[in-house]
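Engineer: Each residue of the sequence shown is one higher than the one before, counting from 33 in this note's numbering. Glycine included, every Cβ here is placed at the ideal spot set by N, Cα and C.
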Amino acid sequence: MSFLEVNNYKKKFGDNEVLKGISFTLEKGEVLAIIGSSGGGKTTLLRCLNFLEIPDEGSLSLSGERLFDAADKKQTKEREIRQKRLHFGLVFQSFNLFPQYTVYKNVALAQMLLAKREFRRIKSEFAAEARALPKEERAAKRAEQKKVLADIKNGQKARIAEKTESLLVRVGLSEKRNAYPYELSGGQQQRVAIARALALNPDILCFDEPTSALDPELTGEVLKVIKSLKSADSTMIVVTHEMEFARNVADHVIFMADGVIEEEGTPEEVFGSPKSEKTRAFLSKSLEEI
């Protein structure tokens, strides 16, 4: 059983059928590169994997658990979809940082929101527990709970701070923790976006053309960070136009064209001996543009 299994994903926008039945598998710790010309469905596939778009047909399983099945309409409830998104981290090509927040808060914010939600849940359970007691015992119970809640909140803050600082070190931006996005280069902003995506420990980290908005001299620093993430514990899907990166870093390559997987295999198979004429034409054109 594969770590990620995508079966027959289809997606339409009006009469435009963008995904026409996408199926693939990915093992834990692998890097999948998705290549292809603009308009082939790569970004839509990534957005469907992250549940930013809901597929019209198909299913998705992660670690043997069925996370999504288009046949089950109940699974499209917004609360359930938000929960499913936590399995995936997404780094956008346009960074999408919050301009009003520092680098530190951009990375810490999602952790803070999840911690706040968990704190409210615990506080609600404590309140129900106190109300169930005889009236004369409630005050003492609530005083006890108040101390526990304070410890929980302090513990959450400490863990978030430690995690955020560690991630900033990992992407080489600890000295920029108090800077705002407008004070950073494009490459630095993208590295902040990578740290933010890693903050919630996603099972799969996805990148949508992570260097397309960067000047050539800044592309290398971002690709270097992505390459450093490759490990037995880091599973990644990278939509990219950087052919050398896909060839040298990916374990598996998918070439998409016109909403279907035209060809897939190891980098050696896809780049070294492509079987599809469309793949050969795409790679030939891509090499000419380098």
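Can you grab the Cα-Cα spacing for the pair valine 281 / cysteine 80, in whole Å?
Structural biologist: Against the sequence shown, residue 281 aligns to sequence position 249. Against the sequence shown, residue 80 aligns to sequence position 48. Whole-angstrom Cα-Cα distance: 24 Å.
Engineer: Any chance you could list the alpha helix (DSSP H) runs of at least 4 consecutive residues sitting entirely within the segment 117 to 173, in chain order?
Structural biologist: Runs of the alpha helix (DSSP H) inside the segment 117 to 173: 135 to 163.
Engineer: Between which two residues does the alpha helix (DSSP H) carrying methionine 275 extend?
Structural biologist: For this step, residue 275 is matched to residue 243 along the sequence shown. Methionine 275 -> alpha helix (DSSP H) spans 275 to 281.
Engineer: Helix, strand or coil for isoleucine 113, going by three-state DSSP, please let me know.
Structural biologist: Taking the sequence shown and counting its residues from 1, one reaches residue 113 at position 81. Here isoleucine 113 sits in helix by DSSP.
Engineer: Which whole-angstrom value describes the C-beta separation of valine 285 and isoleucine 67, a residue pair presumed to lie in contact below a C-beta threshold of 8 Å?
Structural biologist: Within the sequence shown, the letter at position 253 stands for residue 285. Within the sequence shown, the letter at position 35 stands for residue 67. Going by Cβ atoms, the distance from valine 285 to isoleucine 67 rounds to 7 Å, so yes, they are a contact pair.
Engineer: Which class does alanine 190 belong to by DSSP, given the choice of helix, strand or coil?
Structural biologist: Taking the sequence shown and counting its residues from 1, the one referred to as residue 190 is at position 158. Helix.
Engineer: I'd like to know whether the C-beta atoms of leucine 200 and valine 139 end up nearer to each other than 8 Å.
Structural biologist: Within the sequence shown, the letter at position 168 stands for residue 200. Within the sequence shown, the letter at position 107 stands for residue 139. Yes, Cβ-Cβ distance for leucine 200 and valine 139 is below 8 Å.
Engineer: Determine the direct distance from the alpha carbon of leucine 230 to that of alanine 162, and round the result to whole angstroms.
Structural biologist: Within the sequence shown, numbered from 1, the residue matching residue 162 stands at position 130. Within the sequence shown, numbered from 1, the residue matching residue 230 stands at position 198. So the two alpha carbons sit approximately 38 Å from each other.
Engineer: Are the Cβ atoms of glutamine 221 and lysine 208 separated by less than 8 Å?
Structural biologist: Stepping through the sequence shown from its first residue, residue 221 is reached at position 189. Stepping through the sequence shown from its first residue, residue 208 is reached at position 176. Going by C-beta atoms, glutamine 221 is not nearer than 8 Å to lysine 208.
Engineer: Since glutamate 89 sits in a beta bridge, which residues does DSSP pair it with?
Structural biologist: Residue mapping note: residue 89 aligns to position 57 of the sequence shown, counting from 1. BP columns for glutamate 89 point to Lys42.
Engineer: Please report the distance separating the alpha-carbon of serine 305 from that of arginine 191.
Structural biologist: Residue mapping note: residue 305 aligns to position 273 of the sequence shown, counting from 1. Residue mapping note: residue 191 aligns to position 159 of the sequence shown, counting from 1. Answer to the nearest angstrom: the Cα atoms are 49 Å apart.
Engineer: Within the continuous beta strand (DSSP E) that includes arginine 98, where are the two ends?
Structural biologist: Position 66 of the sequence shown, counting from 1, holds the residue named residue 98. Unbroken beta strand (DSSP E) run through arginine 98: 97 to 101.
Engineer: Taking the CB atoms as reference points, tell me whether glutamate 300 and threonine 311 lie closer together than 8 Å.
Structural biologist: Position 268 of the sequence shown holds residue 300. Position 279 of the sequence shown holds residue 311. Contact: no.
Engineer: Assign threonine 267 to one of two classes, buried (16 or more other C-beta atoms within 10 Å of its C-beta) or exposed (fewer than that).
Structural biologist: Residue numbering aside, residue 267 sits at position 235 when the sequence shown is read from its first letter. It is buried - the Cβ of threonine 267 has at least 16 other Cβ atoms within 10 Å.
Engineer: Looking at phenylalanine 120: is its Cβ nearer than 8 Å to the Cβ of cysteine 238?
Structural biologist: Counted from its first residue, the sequence shown places residue 120 at position 88. Counted from its first residue, the sequence shown places residue 238 at position 206. For phenylalanine 120 and cysteine 238, yes; Cβs fall inside 8 Å.
Engineer: Please report the residue range of the alpha helix (DSSP H) in which leucine 81 lies.
Structural biologist: Translated into the one-based positions of the sequence shown, residue 81 becomes position 49. 74 to 81 is the extent of the alpha helix (DSSP H) around leucine 81.
Engineer: Just list the residues that DSSP pairs aspartate 240 with in beta bridges.
Structural biologist: The residue given as residue 240 occupies position 208 in the sequence shown. DSSP output for aspartate 240 lists Val271 as bridge partner(s).
Engineer: Taking just the CA atoms, how far does valine 271 sit from lysine 47?
Structural biologist: In the sequence shown, counting from the first residue as 1, residue 47 sits at position 15. In the sequence shown, counting from the first residue as 1, residue 271 sits at position 239. Before going on, a small fix: residue 47 reads as aspartate here, not lysine. Cα-Cα distance, rounded: 25 Å.
Engineer: Which residues in the same chain have their Cβ closer than 7 Å to the Cβ of glycine 297, if we skip the five residues on either side of it in sequence?
Structural biologist: As a working note, residue 297 is residue 265 in the sequence shown. So the qualifying residues of the chain are Val285.
Engineer: May I ask you to report which of helix, strand or coil DSSP gives phenylalanine 35?
Structural biologist: Here residue 35 corresponds to residue number 3 of the sequence shown, with the count starting at 1. Phenylalanine 35 falls in the coil class under three-state DSSP.
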